[in-house]
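**Student:**
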Amino acid sequence: MKKVTYLFDPTELIKIDYEMLQTCKEKYFSFLNDNPFPTPPGTGAYFEIINYLKRKDINNPQKIGPYQNITIFEAANRIASDLVIINGIIQLVQNNPLLENARFTVRLGILHEKDKGDFTIHLGNEDFEGEAFNVAPSFLNVKLRNTISKWNKEENREKLKYILVNDEAFEFITKSPDKRVFRVKDWEF
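For the sequence shown, position 176 (counting from the first letter as 1) is numbered 175 according to numbering that gives the first Met the number 0, and the numbering increases by one without interruption.
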């Protein structure tokens, strides 16, 4: 089985400034427009929908957004999280003038690094890690608890500065008990 391929050049996402982050967003949306989700099966039969969402054709690796050789289900999850990361960092900068001169390393989709978050904010001589996710309201508490637990180890406790979460995840909760949580509005645009 072929691995998922990321069509974005990862070197374009390392220590970028705010302007380059805006360019990254434009390029990401170009990938989404150029490689749209395939049309779902017409009958709506359960087995067709399951295969449509969760299986990939190894003889015909499809491109969806910035990904190739990916299932529709996996692409939807990764793209939703990627957009929370990109738009969340942009909104963080807009809400915090201290970040205007920061640099950002963004780890979208399949770009993970041990002991690093989904993004790093490089500000002066300090690096701050951030996590991000796009989650259903019913799963928010579990996801938040797992994220905080992951970073509560002694050596990592002070590194995690931001947790970006899609705003609509807070349907049943008005605010998060963790001050690092930043609600990302309009993440899909």
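Even for Gly, the Cβ is constructed at its ideal location relative to N, Cα and C.
Fair warning: this is a prediction, and the values are worked out from it, not measured in the lab.
(1) Report the three-state DSSP secondary structure of glutamine 21 (helix, strand or coil).
(2) May I have the straight-line CA-CA distance separating isoleucine 89 from isoleucine 78, to the nearest angstrom?
(3) Span of the beta strand (DSSP E) holding threonine 119?
(4) Are there 16 or more other CB atoms within 10 angstroms of the CB of tyrosine 66, so buried, or fewer, so exposed?
(5) For asparagine 100, which residues does DSSP report across the bridge?
(6) Starting from glutamate 125, follow its DSSP beta bridges and name the residues at the other end.
(7) List the DSSP bridge partners of arginine 182.
(8) When the Cα atoms are used, what is the spatial distance from asparagine 50 to asparagine 94?
(9) Glutamate 128: buried (16+ other C-beta within 10 angstroms of its C-beta) or exposed?
(10) On the criterion of 16 or more Cβ atoms from any shown chain inside 10 Å, does tyrosine 45 qualify as buried, or is it exposed?
(11) Is DSSP giving threonine 10 helix, strand or coil here?
(12) My output table needs one value for threonine 42: the three-state DSSP class, helix, strand or coil.
(13) Measuring only from the beta carbon, is aspartate 8 closer than 8 Å to any heavy atom that is part of the ligand PLP?
**Tutor:** Looking at the atomic coordinates:
(1) Against the sequence shown, residue 21 aligns to sequence position 22. The answer is helix: DSSP assigns glutamine 21 an H, G or I state.
(2) What you label residue 89 is simply residue 90 of the sequence shown in a count that begins at 1. What you label residue 78 is simply residue 79 of the sequence shown in a count that begins at 1. Taking the straight line joining both Cα atoms gives about 16 Å.
(3) Taking the sequence shown and counting its residues from 1, the one referred to as residue 119 is at position 120. From DSSP, the beta strand (DSSP E) with threonine 119 extends over 118-122.
(4) Within the sequence shown, the letter at position 67 stands for residue 66. Its Cβ being crowded by 16 or more others within 10 Å, tyrosine 66 is buried.
(5) Numbered from its first residue, the sequence shown carries residue 100 at position 101. Partner(s): none; asparagine 100 has no beta bridge.
(6) Counting from 1 along the sequence shown, the entry for residue 125 is found at position 126. Looking at the DSSP assignment, glutamate 125 forms a beta bridge with Leu122.
(7) By one-based count along the sequence shown, residue 182 stands at place 183. BP columns for arginine 182 point to Val164.
(8) Locating residue 50 in the sequence shown gives position 51, counting from the first residue. Locating residue 94 in the sequence shown gives position 95, counting from the first residue. Roughly 42 Å between the two C-alpha positions.
(9) The count along the sequence shown starts at 1 and reaches residue 128 at position 129. Under this definition glutamate 128 is a buried residue.
(10) One-based indexing of the sequence shown puts residue 45 at position 46. Exposed, by the Cβ-count rule.
(11) One-based indexing of the sequence shown puts residue 10 at position 11. Three-state DSSP puts threonine 10 in a helix.
(12) Looking up residue 42 in the sequence shown gives position 43. Three-state result, threonine 42: coil.
(13) Inclusion of the ligand PLP in the displayed structure is not the case, the ligand content being empty and no account of it being possible.
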